[in-house]
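Chains as they are written, first to last, in our numbering: chain A, 2 to 225; chain B, 2 to 225. Read the structure below first, then the notes.
2 protein chains.
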Amino acid sequence: MPSAPAAATTVPTRERILDAAEQLFAEASYDAVSLRMITRRAGVELALANYHFGPKLELFRAVVERRASDLNGARLAALEALPADAPLEQVIEAFSGPFLSRSLSGGPSWKAYARVIAQVANSQRWTSALMTAYFDPVAQAFLARVRESLPGACDEDIYWGFHFLIGAMTITFAETGRIDVLSGGRCASSDLAAIHARMLPFLAAGFRAICGPKNESPTRGSRA
Amino acid sequence: MPSAPAAATTVPTRERILDAAEQLFAEASYDAVSLRMITRRAGVELALANYHFGPKLELFRAVVERRASDLNGARLAALEALPADAPLEQVIEAFSGPFLSRSLSGGPSWKAYARVIAQVANSQRWTSALMTAYFDPVAQAFLARVRESLPGACDEDIYWGFHFLIGAMTITFAETGRIDVLSGGRCASSDLAAIHARMLPFLAAGFRAICGPKNESPTRGSRA
DNA sequence: GTCTATAGCTTGATAGAC
DNA sequence: GTCTATCAAGCTATAGAC
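Below, the structure written as structure tokens:
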């Protein structure tokens, strides 16, 4: 541990700015949040944002990068811990589980991060610079294990399955609250454990449905 | 038809502003786009934005509302045209097909609209005011038909299935391009017909996996 | 590493002539 | 319904003292 004094509230300025930025970017969007709002919430002076991160865009990149590293490490560890003959559900859980557990017990920071990622993943504006840069290497490792769990599947089907998975995952962890209203209160976006227990079989069955060997010949993918 | 002259390029100012706003909001976000950028692209004066729509937020709402009406009508018509014993795939297609066909043949406007909707659907910021307001009534009609196709399913499972469907659909029509890079060019986000042919069986299988009658008792939803 | 002060620009909104 | 002109407020970024 560094030269930290007694008080537990001594958070380095860099982290204070990152935390405040993450929270505010999650509530709205990159453009809706000013450096003034960020530094005000962080309790530091405006000029310190530029001193520590350079231009605003680099601060946004740093917000995405910070937890991406942790998430990538946890995902790789979970993938490597899988048995050689792991079923598809377990492979998917190695990818989604680390995000779930962090959102469940990581406090408001990880929930905010999930909302930022939902914006980044669903806009072509950020896709190449942020999603591809920070998440594609681990995605490739994940897809390699999916391939092993689905022998005979063609690559295109697996890629599109992954695409649907990302769509379902990002909107889930963003906790938008839409289903809460739509269901008249019977479902809660915040009940991530219940959603995750359904997401795994939903996605696994989806993968299997489009990765079957008979998906090649017919023009339309309807299935009995 | 109103008093339109001969030239086909005579688009009313209101529509010109909506078209420009839709295009620009799709490229970035609500906050990244200024009224000056919008009116400049529309080829009209700045003051006309406020004259026709009031504050900026109302313009955004109008962008979402315009095509929502058309989409809702087409979805309801497709749902009503379904046979009484329509399988789940056809019910899902009644919901997704109208968006697909518009994105395929509606020119850049519908593609831009899809990107706006992806932002709106994936952020809690817009959920209640826009998604719920403009899309939930038809979503309820859709869910009623899904229930008929899945006898014995409990409501919670159907709501969460719909939630995953929305996540997969919105990221699909947004055409972010991530899979293009991830797949090394083997898949193209713009190839909506190919994606849609996989999305239908993927989602239908997912619904069936979580809506089985035996999903109630066990704590975890893993399935052979 | 932190602070004050400020330059240079853009923003949404509107008043008022036509 | 459209135009010009403008206001007050906000923005990012930085220079320079400490």
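Positions of the beta carbon are idealized from the N, C-alpha and C atoms, including for glycine.
Please go through the same chain and pick out, in chain order, the residues whose beta-carbon is closer than 8 angstroms to the beta-carbon of residue i, but skip the five residues on each side of it.
i       : result
G230(A) : With chain A covering only 2 through 225, there is no way to say anything about residue 230(A).
R146(B) : L80, L83, A87, V92 and A95
F292(A) : No statement about residue 292(A) is possible, as the shown extent of chain A runs from 2 to 225 and does not include it.
A130(A) : R62
D20(B)  : V12, A43 and S110
R179(B) : S190
F128(A) : Reading off the sequence, residue 128(A) comes out as Thr, not Phe. Once the five neighbours on either side are set aside, the close Cβ partners of T128(A) are V121 and A122.
Our contact map puts residue i next to residue j with C-beta atoms below 8 angstroms; I'd like the distance itself, whole angstroms only.
i       : j       : result
A175(B) : Q125(A) : 7 angstroms
V64(A)  : V117(A) : 6 angstroms
L151(B) : L89(B)  : 7 angstroms
D156(A) : L183(B) : About 11 angstroms; that fails the 8 angstroms criterion.
A119(A) : S104(A) : Not quite, the Cβ-Cβ distance comes to about 12 angstroms (not below 8 angstroms), so this is no contact.
Where do the ends of the alpha helix (DSSP H) carrying residue i lie?
i       : result
R231(B) : An answer regarding residue 231(B) cannot be provided, because it is not within the stretch 2 to 225 covered by chain B.
T40(A)  : L36 to A43
S97(A)  : L89 to S106
L193(A) : L193 to I211
N73(B)  : K57 to E81
R15(A)  : T14 to E28
R179(A) : R179 to L183
D32(B)  : Segment: none, D32(B) is in no alpha helix (DSSP H) and carries neither H nor E.
A50(A)  : A48 to F54
S175(B) : Strictly speaking, residue 175(B) in this sequence is Ala, with Ser absent from that position. No alpha helix (DSSP H) contains A175(B), which DSSP labels as neither H nor E.
Can you give me the Cβ contacts of residue i inside the same chain, cut-off strictly under 7 angstroms, excluding the 5 residues immediately before and after it?
i       : result
T177(B) : S190
R17(A)  : A43, G44 and V45
G162(A) : G207, F208, I211 and C212
K57(B)  : L36
L77(A)  : V139 and A142
I196(B) : T173
I167(B) : A122
G98(A)  : A79
Y31(B)  : F61
In chain order, what residues of the same chain have a beta carbon less than 6 angstroms from the beta carbon of residue i, not counting five sequence neighbours either side?
i       : result
A154(A) : C212
A113(B) : E23, Q24 and A27
L1(A)   : One cannot answer for residue 1(A) here, as it falls past the ends of chain A, which runs 2 to 225.
Within 7 angstroms of chain A by C-beta, residues of the stretch 174-188 of chain B in sequence order: A175, E176, T177, G178, R179, I180, V182, L183, S184, R187 and C188
Short-range partners of chain A found in the stretch 98-127 of chain B, where Cβ spacing is below 9 angstroms: Listed in sequence order: R116, A119, Q120, A122, N123, S124, Q125, R126 and W127.
Contacting positions in the stretch 141-165 of chain B - beta carbon closer than 7 angstroms to chain A: Those residues of the stretch 141-165 of chain B that come within reach of chain A (Cβ to Cβ, closer than 7 angstroms) are D156, E157, D158, Y160, W161, G162, H164 and F165.
Residues of the stretch 7-30 of chain A with Cβ closer than 8 angstroms to any Cβ of chain B, in chain order: E28, A29 and S30
Contact list for the stretch 30-57 of chain A against chain B, Cβ threshold 9 angstroms: S30, Y31, D32, A33 and V34
Residues in the stretch 197-212 of chain A having any Cβ partner in chain B nearer than 8 angstroms: A198, R199, M200, L201, P202, F203, L204, A205, A206, G207, F208, R209, A210 and I211
Contact residues within the stretch 77-95 of chain B, judged by C-beta distance below 7 angstroms to chain A: E90
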